[in-house]
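Numbering (the numbering used here), first residue to last: 2 to 417.
Structure below.
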């Protein structure tokens with residue numbers, strides 16, 4: 002029986018709407034059906050803390066990612082598709098802005114992936130994972146540990162029970178101190194979720210390495226930097242054996258806080274080892290007060306030091322210079338976190354093959370591994386439960402960074 006003309010017209014209209022929706026979602030009749038993927042491009046965006054109330058900035062994460070994507074495009078892209086990198090959204094370390102940035106990239110810009118993601122907040126994690134958006138970043142937050150679509154470029158650094166702990170920092174400081182036996186360490190962090198979790202994990206790690214953890218507090222206000230550090234330094238300097246100073250002070254805080262704390266410790270006459278995981282940045286040395294505060298500090302790295310003369314490091318430096326318009330710019334760790342976030346995304350996407358979809362990306366990730374990168378050997382889904390276990394320590398001496406403990410991979414320990 003012939004169908005009424007109205008029914009046929011309605012069906013035709015539905016087909017037109019469906020076609021328009023497909024086109025607006027980034028699909029292509031000659032490319033992939035995945036959001037953000039066409040016959041010749043893959044759309045990617047980033048989320049980075051470019052500006053913050055304290056002045057701390059990770060803006061060069063964006064340059065690092067751009068450098069890696071630029072080289073990929075110069076080499077022909079990923080299976081013939083060019084990376085259309087939109088740059089990074091600034092979340093200002095604000096959870097609401099982080100979520101808003103994630104929503105914008107997916108719902109408005111229609112990206113296939115978010116890489117890099119580097120911030121102290123990741124309020125957009127549940128949204129991105131729920132929308133099945135492959136996301137790669139610096140795995141310093143619990144959101145990088147477990148969700149199916151979220152990856153840390155050097156693994157999960159704050160694991161959940163059942164995962165493992167990276168022992169680079171404790172083992173590296175044990176090397177600096179001539180062994181952990183009989184040595185004490187004080188741990189201090191900001192009073193926020195990340196700080197509390199950091200204290201918990203590093204307390205376990207340092208104890209496992211043989212240290213006595215004499216002080217471990219997430220006590221520093223995370224929203225307002227103290228103008229007077231004496232209350233903290235007095236507690237720390239009396240926390241060691243017999244009420245004396247500990248052999249090492251480890252800060253799990255950002256640069257402005259570290260400068261205040263380290264300056265106060267030195268003025269109090271502290272002569273032990275000071276260490277943190279953030280202050281590997283030649284740009285910090287421009288100011289005398291900053292350089293003096295950081296002089297002698299051992300900085301934890303979870304990648305090869307810039308001072309390393311390896312093929313991978315030489316390539317990184319060349320790529321950064323190219324992305325910076327041919328200029329020699331001071332290197333910093335944020336450049337490398339952006340670069341390696343992009344690198345891991347590219348490596349998995351290449352394994353996914355020509356028919357790039359979220360499903361093919363996930364299947365490629367499920368069996369992914371490679372070796373000899375700037376962060377050591379990589380493997381998924383291992384990286385969603387534990388770190389890749391490699392790192393180094395550098396020490397600032399007379400205005401220059403020197404390798405104190407060379408890049409090495411350490412056996413992880415169970416976290417519980």
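Note that beta-carbon positions come from the ideal geometry of N, C-alpha and C, so glycine has one too.
Since this is a predicted model, take the numbers as computed values, not measurements.
- In this structure, the straight-line span from the alpha carbon of residue 262 to that of residue 230 is close to 6 Å.
- Ranked by Cα distance from residue 371, the first of 314, 155, 332 is 155.
- Straight-line measurement puts the Cα of residue 356 at about 46 Å from the Cα of residue 204.
- Where residue 213 is concerned, the enclosing beta strand (DSSP E) starts and stops at 213-221.
- Counting C-beta pairs with one atom in each stretch, the region 131-151 and the region 357-364 have three or more that are closer than 8 Å, which means they touch.
- The DSSP-derived three-state label of residue 83 is strand.
- Sixteen is the threshold: when 16 or more other Cβ atoms of the shown chains lie within 10 Å of the Cβ of residue 338, as they do, the residue is buried.
- At least 7 Å separates the beta-carbon of residue 215 from that of residue 190.
- If you draw a straight line from the Cα of residue 259 to the Cα of residue 149, it comes to about 34 Å.
- Under DSSP, residue 154 forms a beta bridge with 156.
- Taking a contact as a CB-CB distance under 8 Å, the pair residue 281 and residue 302 counts as one, their CB atoms being some 6 Å apart.
- Boundaries of the alpha helix (DSSP H) around residue 236: 231-238.
- Here residue 401 carries a strand assignment [DSSP, helix/strand/coil].
- For residue 315, the closest of 39, 332, 158 by C-alpha to C-alpha distance is 332.
- Distances from the alpha-carbon of residue 242 to those of 183, 234, 322 put 183 closest.
- For the pair residue 128 and residue 38, the CB atoms are not nearer than the 7 Å cut-off.
- Assignment of residue 226 by DSSP, reduced to helix, strand and coil, places it in the coil class.
- DSSP places residue 68 in the uninterrupted alpha helix (DSSP H) bounded by 61-75.
- Within the DSSP secondary-structure output, residue 387 pairs in no beta bridge.
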